[in-house]
Every structure is written in structure tokens, then in C-alpha cells.
Amino acid sequence: MIVIHYTAMTGGVEPAIKRLSMPETEVSCHYIIGEDGALFQLVDDDRRAWHAGIGRWGACDDVNSRSLGIELSNDGTSPFAAPQIETLDALLRHLMTRHSIPASLIVGHSDIAPGRKIDPGPRFDWQRLARRGLAIWPEPLDATPDAAAFRDAARRAGYTSDVDDATLLGAIRARFRPAAQGPLDARDMGLVLTLAESFPVDQGAVAV
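If you count the sequence shown from 1, position 50 lands on 35 in my numbering, and the numbers rise without skipping.
Here it is, written out as C-alpha cells:
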């Protein structure tokens, strides 16, 4: 998998690199991209980086050992700079080709750790990535809301973290419907059914 994060730090990329390189912080990543598009590799692809923490995707409950982590230098509220996103596009395309990673396994930190993490946040344009073949984006039809069916479809789509219904809904909306509010609705239901049917996670591929 590839997990996309933001640093949630101010001051540019240098303070983030310093923090991500200090053993005592117990946090690291494979790549970090500055606002100006500069790319830095901090951990080799074949090494485990401490970027995911406690999280789960599909059958995988040790995401750090099964993923590459990409940090975007961003304070968590500002728009992502165009040069930064262009570098991300190129890096994703390279890594997906090099490691045979499908678009369905490009995820955000909020996907693997619902309720605990919110990055890369509502300003990150997942739909743009999908148009470039670097992520997925469902085109749902409305469906009758059903909490149990929603959870089952979300599980088949990869959302297997042990969280309550509201947290699960919030995580999926954070990625696909960041402006949505209120209880589970017909668009949420159609979205998650489309995800499960069109982009089911290969459980074995991320568990081995």
C-alpha cells in the first residue's frame, strides 16, 4: 500500500524532516514532499517506516510493514501547493509501477486509522488523483440507507478498523464527501456499495 499523510507542521519542510529523522520521536516516513515540490527520501522502500501507527486496512493490521508512507509538508489547514501535488503525482506513478501497487491501495492516513487521524484532510483532492489513475473514485447511485449493509460494504472496500458507525461514516466522508453532514444518507450508501463492488480490497494482497 501507499499511505498519504500531511505533516501538520509549520515552517516548511526542514523542521518536518528533522522531526522525522529523530529516533526519539518514533515517527518516520519513506518520502516527504515540500511545498515547492522538492522531494526527499528518508527511508528506503524496502525498509519499515513508522508512519502509520495503529491502523488497519483489509486484513492487514500492521500497516507499517506493508506500506510506503508519503508525507506532504502542510500545516493541516492550508491548500496543497501545485508544485507539491505535481511531484506527488510523479512519485505515485513511479512507486505504483515499481512495486505493482494498484490504485485501490493508495489510501490516506484517515482511511486506515478512522477517528484517530484526519490527514491528508478535506483540502486534498482525491478526485484529481483518480482522474490521473493514481487513486480510486466511485460514481455512486443513491441507495436505501442501511447501517449494517453500510458497514459490510465498507469492510469489503478495506475499512476494517474496529470503530463505531459514526466514526466509520466520518472516515469515508472525509475522503469522498468532505462537505457532507448528518446521519447516513442515500448517497453515502450508494457510494460505499460502489466502492465494495468496483474496488474490493484483495484481503490476501495486504495481509501476507
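Glycine included, every Cβ here is placed at the ideal spot set by N, Cα and C. Since the structure is predicted, the reported quantities are computational estimates derived from the model, not experimental observations.
Spatial neighbours of residue i in its chain, beta-carbon cut-off 6 Å, leaving aside the 5 residues before and after
{"i": "V186", "result": "G43 and G143"}
{"i": "V148", "result": "P99 and G100"}
{"i": "P105", "result": "I(-11), Y(-9) and G93"}
{"i": "D21", "result": "P68"}
Beta-carbon proximity list for residue i, same chain, < 7 Å, skipping 5 on both sides
{"i": "L169", "result": "P130, A132, F135 and L154"}
{"i": "S89", "result": "I121, F184 and V186"}
{"i": "N49", "result": "R33, A34, W35, H36 and A37"}
{"i": "D74", "result": "R117 and L119"}
{"i": "A139", "result": "L153, I157 and V177"}
CA nearest to the CA of residue i, picked from the options
{"i": "R141", "options": "L176, W111 and T152", "result": "L176"}
{"i": "S58", "options": "E71, G93, V28 and A(-7)", "result": "A(-7)"}
{"i": "A156", "options": "E182, I103, D31 and L180", "result": "I103"}
{"i": "I121", "options": "D127, K3 and R113", "result": "R113"}
{"i": "T152", "options": "A37, E56 and D96", "result": "D96"}
{"i": "D30", "options": "G22, G61 and I86", "result": "I86"}
{"i": "D127", "options": "E71, L178 and L53", "result": "L178"}
{"i": "P195", "options": "L27, D47, R108 and T72", "result": "Within the shown structure, residues of the chain are numbered from -14 to 193, placing residue 195 beyond reach of any answer."}
{"i": "G54", "options": "L27, D46, T(-5) and E11", "result": "L27"}
{"i": "G70", "options": "D110, P0, I2 and E9", "result": "The question names Gly, yet the displayed sequence has Ile at residue 70. Out of D110, P0, I2 and E9, D110 has the C-alpha closest to the C-alpha of I70."}
{"i": "P125", "options": "I91, L180 and D150", "result": "L180"}
{"i": "I2", "options": "F25, E9 and M(-14)", "result": "F25"}
{"i": "S146", "options": "A66, C45 and R83", "result": "C45"}
Distance, residue j Cα to residue i Cα
{"i": "A34", "j": "S13", "result": "5 Å"}
{"i": "A56", "j": "G19", "result": "Reading off the sequence, residue 56 comes out as Glu, not Ala. Distance between the alpha carbons of E56 and G19 is about 9 Å."}
{"i": "I39", "j": "H15", "result": "17 Å"}
{"i": "E182", "j": "M7", "result": "42 Å"}
{"i": "A23", "j": "I17", "result": "8 Å"}
{"i": "A165", "j": "V(-2)", "result": "32 Å"}
{"i": "R162", "j": "G61", "result": "18 Å"}
{"i": "T(-5)", "j": "A159", "result": "23 Å"}
{"i": "M174", "j": "D137", "result": "11 Å"}
{"i": "T72", "j": "R172", "result": "33 Å"}
{"i": "I(-13)", "j": "D150", "result": "25 Å"}
{"i": "A66", "j": "E9", "result": "30 Å"}
{"i": "I91", "j": "S52", "result": "10 Å"}
{"i": "D41", "j": "E11", "result": "Before going on, a small fix: residue 41 reads as Arg here, not Asp. Rounded to whole angstroms, R41 to E11 spans 19 Å at the Cα level."}
{"i": "D4", "j": "P123", "result": "A small fix is needed here, since residue 4 is Arg in this sequence, not Asp. Cα-Cα distance, rounded: 36 Å."}
{"i": "T82", "j": "D47", "result": "23 Å"}
{"i": "G167", "j": "H84", "result": "39 Å"}
Residue(s) in a DSSP beta bridge with residue i
{"i": "W111", "result": "The partner list for W111 (beta bridge, DSSP) is empty, contrary to what the question assumes."}
{"i": "C14", "result": "DSSP, once it has assigned bridges, lists no residue as partnering C14."}
{"i": "W42", "result": "C45"}
{"i": "I(-13)", "result": "L53 and I91"}
{"i": "F161", "result": "Its beta-bridge partners do not exist; DSSP assigns none."}
{"i": "Q26", "result": "Y16"}
Own chain partners of residue i with C-beta closer than 8 Å, once the 5 adjacent residues on each side are dropped
{"i": "P0", "result": "M(-6)"}
Beta carbon proximity, residue i to chain C, threshold 8 Å
{"i": "V148", "result": "This model lacks chain C altogether, as it is built from one protein chain only."}
(request) Could you say if the stretch 76 to 95 and the stretch 104 to 121 meet the contact criterion of at least three C-beta pairs nearer than 8 Å? (result) yes
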